[in-house]
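J.: Pasting a structure below so you can have a look.
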Amino acid sequence: MVARRTLTRATFVSLAAAVAAATALTGPSAAAAQPGSVDDQVAAADAELKTAQKQVADTYEAFSAAEKQYQDLNAAYTAAQGRAAQTRAEADAAAVRERDARDDLDEFAATSYRHGSAMFSARAYVGAASPSDLLDRASMLTVLAGQYGEVMDTAQVAVTDKAQADHDATAALADAEKKRDAAGSAKATAEQAYQAAVVLEDEAQTEVQQLADRRAALVAQSAPSSPAVTAVSGADVVLPVQGRLTSTYGPRGGTIHYGIDIANSIGTPIVSAMAGTVINSGPASGFGLWVRVQHAGGLITVYGHINESLVRVGQRVGAGEQIATLGNRGESTGPHLHFEVHQDGSKINPLPWLRSRGISI
């Protein structure tokens, strides 16, 4: 990252030196050499931009994977919380049953002692009407003692089992929390890397445009009467709609938002940001209705969620000429213009592109 930023600054220094040298030179041969020297810098800066764009794509892919892993582990943590709460409740209930069984056994022992049962004396057997009655009494006391003992044993086993289950669930919860927190840290790191890549892409994009503008100025200087200059200067670009910036270029909802959103009321005029030719006008998936305009220099601008298109395919439009009205069609959360800029097939961030031409929102 540091090397990338250093290269960008160095390129600007080289550009300044090249421009100063070009200004000092005189004569036709010097003038002819000026655009060519900047051409090399434009090519180098464009290569840097493509590298930055790939880095944005790669870091966003890594961020998306980290975000999914975090969501999965967070769901696992939530499930572990539920299991831990359930096993804790079951362990508490088992402890209550064990305590009740112990109380019942203590009560049985106390009652037997007070009445002189065979568990503590022979009095229970005195007065038996017959040997059979004596056997019945002994059998009853034995059965009762055995039943209480079995209940107590079962309760104690349940307490042990539930306590172990509670321990295991608590350990599993701690492990799930640890994994979730680690995934959260990894997600934050991946997001920072992506945002840093976006910043570098913006810098590279601005550099390319500044060099292209400089080249256009040098070409105009060397051939002021030539009608073939197609580069677009800042004066030829306008803000496509008046309003409030509500969303920027970058990740949103698990995808990349490839443009900016400018909100205003339905019917607000939308104008072409630059002179060009309309290449699409009508329905568009996601946008409801859109207009796309092809411009010089490999540029295309996109106007989405419009309420009404005022142009047709093939129509020439000027910078600032109204082409549509602002709307809320398609997958939209409110009246706004979704504005995109494509450079040589790549979707670039419109904000630095506009800023480099002196336009702010």
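So the sequence shown is residues -32 to -1, 1 to 329, counted in mature numbering (1 follows the signal peptide of the UniProt record, and there is no 0).
All residues carry an ideal CB built from backbone N, CA and C; glycine is no exception.
Given the structure is predicted, the values throughout are model-derived calculations rather than measurements.
(1) Is P318 helix, strand or coil by DSSP?
(2) DSSP on R325, reduced to helix/strand/coil?
(3) With distances taken between CB atoms, is the gap from S240 to V285 smaller than 7 Å?
(4) Let me check one thing: in DSSP terms, what residues is L213 bridge-paired to?
(5) Report the CB separation of G244 from I274 in whole angstroms; it is logged as a contact under 8 Å.
(6) Rounded to whole angstroms, how far is the Cβ of H306 from the Cβ of L267, which I believe are closer than 8 Å?
(7) Let me check understanding here. Comparing Cα to Cα, which of D8, S5, V6 and V24 lies closest to S314?
(8) Which full runs of the beta strand (DSSP E) of 3+ residues lie inside the region 222 to 303, going along the chain?
(9) Just reading off the beta strand (DSSP E) that P219 is part of, what are its end residues?
(10) So for V205, helix, strand or coil by DSSP?
(11) Can you tell me whether T157 is buried or exposed, with buried defined as 16 or more other CB within 10 angstroms of its CB?
(12) Taking 7 Å as the cut-off, decide whether the C-beta atoms of I228 and P318 are in contact.
(13) Are there 16 or more other CB atoms within 10 angstroms of the CB of S277, so buried, or fewer, so exposed?
(14) Buried or exposed for L186, going by 16 or more other Cβ atoms inside 10 Å?
(15) Is it buried or exposed, A57, if we count other Cβ atoms within 10 angstroms and call 16 or more buried?
(16) Does the distance from the C-beta atom of L141 to that of A63 stay below 7 Å?
(17) Are three or more beta carbon pairs between the region 29 to 46 and the region 144 to 156 nearer than 8 Å?
(18) Can at least three beta-carbon pairs, one atom from the region 167 to 180 and one from the region 16 to 32, be found at a separation below 8 Å?
(19) Going by DSSP, what residues sit across from V309 in a beta bridge?
(20) Q262: which of G256, S249 and F255 sits nearest, CA to CA?
(21) In whole angstroms, what separates the C-alpha of residue 339 from that of G211?
(22) Exposed or buried, S253, counting other C-beta atoms within 10 Å across all chains shown (16 or more means buried)?
(23) Specify the secondary structure class of S(-19) as computed by DSSP and reduced to three states.
(24) Measure the CB-CB distance between Q173 and I316 and report whether it falls below 7 Å.
(25) If I measure Cβ to Cβ from Q21 and keep anything under 7 Å in the same chain, skipping five residues before and after, which residues do I get?
(26) Work out the CA separation of A154 and residue 391 for me, nearest whole Å.
(27) For D204, I'd like the list of residues in its chain whose CB is within less than 7 Å of its CB, leaving aside the five on either flank, ordered along the chain.
(28) Measure the alpha-carbon distance for T269 versus R260 and round it to whole angstroms.
(29) Among the candidates S300, E299 and S32, whose CA atom is the shortest distance from the CA of Y162?
T.: Checking against the coordinates, here is how it stands:
(1) Residue numbering aside, residue 318 sits at position 350 when the sequence shown is read from its first letter. In this structure, DSSP gives P318 a helical state, which the three-state scheme calls helix.
(2) Reading the sequence shown from its first residue, position 357 is the one you call residue 325. Correct three-state label for R325: coil.
(3) Taking the sequence shown and counting its residues from 1, one reaches residue 240 at position 272. Taking the sequence shown and counting its residues from 1, one reaches residue 285 at position 317. Yes, these two residues count as a Cβ contact at 7 Å.
(4) Against the sequence shown, residue 213 aligns to sequence position 245. According to DSSP, which records beta bridges pairwise, L213 is partnered with I230.
(5) As a working note, residue 244 is residue 276 in the sequence shown. As a working note, residue 274 is residue 306 in the sequence shown. Actually they do not touch by this definition, with Cβ atoms about 17 Å apart.
(6) Translated into the one-based positions of the sequence shown, residue 306 becomes position 338. Translated into the one-based positions of the sequence shown, residue 267 becomes position 299. The pair is not a contact, with the Cβ atoms about 17 Å apart (cut-off 8 Å).
(7) On the sequence shown, position 346 is the one that residue 314 refers to. When each option's Cα is compared against that of S314, the closest is V24.
(8) 223 to 225, 228 to 231, 237 to 239, 244 to 252, 256 to 263, 267 to 272, 274 to 277 and 290 to 294
(9) What you label residue 219 is simply residue 251 of the sequence shown in a count that begins at 1. Counting along the chain, P219 sits inside the beta strand (DSSP E) bounded by residues G218 to R220.
(10) As a first step, residue 205 is located in the sequence shown; it is residue number 237 there, counting from the start. Shown here, V205 sits in coil according to DSSP, grouped into three states, outside any helix or strand.
(11) To locate residue 157, count along the sequence shown from 1; it is residue 189. It counts as exposed.
(12) To locate residue 228, count along the sequence shown from 1; it is residue 260. To locate residue 318, count along the sequence shown from 1; it is residue 350. Yes; because the gap between Cβ atoms is below 7 Å, this pair is in contact.
(13) Numbered from 1 along the sequence shown, position 309 holds the residue referred to as residue 277. Counting every other CB atom within 10 Å of its CB across the protein chains shown gives S277 a total of 16 or more, marking it as buried.
(14) Against the sequence shown, residue 186 aligns to sequence position 218. Result: buried.
(15) For this step, residue 57 is matched to residue 89 along the sequence shown. Answer is exposed; the Cβ neighbour count stays below 16.
(16) What you label residue 141 is simply residue 173 of the sequence shown in a count that begins at 1. What you label residue 63 is simply residue 95 of the sequence shown in a count that begins at 1. Cβ distance not < 7 Å, so L141 and A63 don't count as in contact.
(17) yes
(18) yes
(19) Residue 309 sits at position 341 when you count from the first residue of the sequence shown. Per DSSP, T269 and I316.
(20) Translated into the one-based positions of the sequence shown, residue 262 becomes position 294. The shortest C-alpha separation from Q262 is found at S249.
(21) With the chain covering -32 to 329 only, the question about residue 339 has no answer from this structure.
(22) As a first step, residue 253 must be located in the sequence shown, where it is residue number 285. By the neighbour-count rule (16 or more Cβ atoms within 10 Å), S253 is not buried but exposed.
(23) Numbered from 1 along the sequence shown, position 14 holds the residue referred to as residue -19. In this prediction, S(-19) has a pLDDT of 37, which is less than 50 and means its spatial position is unreliable; nothing more can be read from the coordinates.
(24) Locating residue 173 in the sequence shown gives position 205, where the first residue counts as 1. Locating residue 316 in the sequence shown gives position 348, where the first residue counts as 1. For Q173 and I316, yes; Cβs fall inside 7 Å.
(25) Locating residue 21 in the sequence shown gives position 53, where the first residue counts as 1. Closer than 7 Å at Cβ, skipping near neighbours: E169 and S314.
(26) Nothing in the structure corresponds to residue 391, since the chain is present only between -32 and 329.
(27) The sequence position of residue 204 within the sequence shown is 236, counting from 1. M242, A243 and A287, listed in sequence order.
(28) To locate residue 269, count along the sequence shown from 1; it is residue 301. To locate residue 260, count along the sequence shown from 1; it is residue 292. Rounded to whole angstroms, T269 to R260 spans 6 Å at the Cα level.
(29) On the sequence shown, residue 162 is found 194 positions in, with the first residue counted as 1. Comparing C-alpha distances from Y162 to each of S300, E299 and S32 shows the shortest one belongs to S32.
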